[in-house]
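Accompanying notes for the structure given below.
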Amino acid sequence: MTLHSGARPHPVLGLFVSAPSLAAAERAARAVCLRALAGEAVPRGIGLARCEAPLLAPYYERLLSAPAPAPAGVDAICKGRFVQPPGC
Numbered sequence: 000m001t002l003h004s005g006a007r008p009h010p011v012l013g014l015f016v017s018a019p020s021l022a023a024a025e026r027a028a029r030a031v032c033l034r035a036l037a038g039e040a041v042p043r044g045i046g047l048a049r050c051e052a053p054l055l056a057p058y059y060e061r062l063l064s065a066p067a068p069a070p071a072g073v074d075a076i077c078k079g080r081f082v083q084p085p086g087c
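In numbering that gives the first Met the number 0, the protein residues as written are 0 to 87.
Right under this line is the structure:
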């Protein structure tokens, strides 16, 4: 669980949920938040605005599209030659 109290326009509570589907994860997160908000220690006026999973695909697409360095040794062995080194 992470709290992003400076997020605008509202604070954000992040939960990491393991579930069989996105819909199940969102339902579980909503249930946890509503249960917490039903507690006696919650100040008046605090409520759940929405419960959803953020779209992280663009972040991972950027990671996957970045060129990766060749593993150590492979670049030195194969540089300028297109033969399979012994033992590969």
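Just so you know, even glycine gets a beta-carbon here, dropped at the ideal spot from N, CA and C.
Computed from a prediction, not measured in an experiment: that's the story for all the values here.
Quiz item: alpha helix (DSSP H) containing Val-31: first to last residue?
Solution: First-last of the alpha helix (DSSP H) with Val-31: 21–36.
Quiz item: How many angstroms separate the CA atom of Pro-19 from the CA atom of Arg-49?
Solution: One C-alpha to the other measures close to 21 Å.
Quiz item: Would a check of beta-carbon distances place Pro-19 closer than 9 Å to chain B?
Solution: Here chain B cannot be found, since the structure has a single protein chain.
Quiz item: Within this structure, are the beta carbons of Leu-62 and Leu-47 separated by less than 9 Å?
Solution: Not in contact: Leu-62 and Leu-47 (Cβ atoms no closer than 9 Å).
Self-check item: 8 Å CB neighbourhood of Val-41 in its chain, flanking five on each side removed
Solution: Non-local beta-carbon contacts of Val-41 in its own chain, meaning distances under 8 Å to residues more than five positions away in sequence, involve Ala-35 in chain order.
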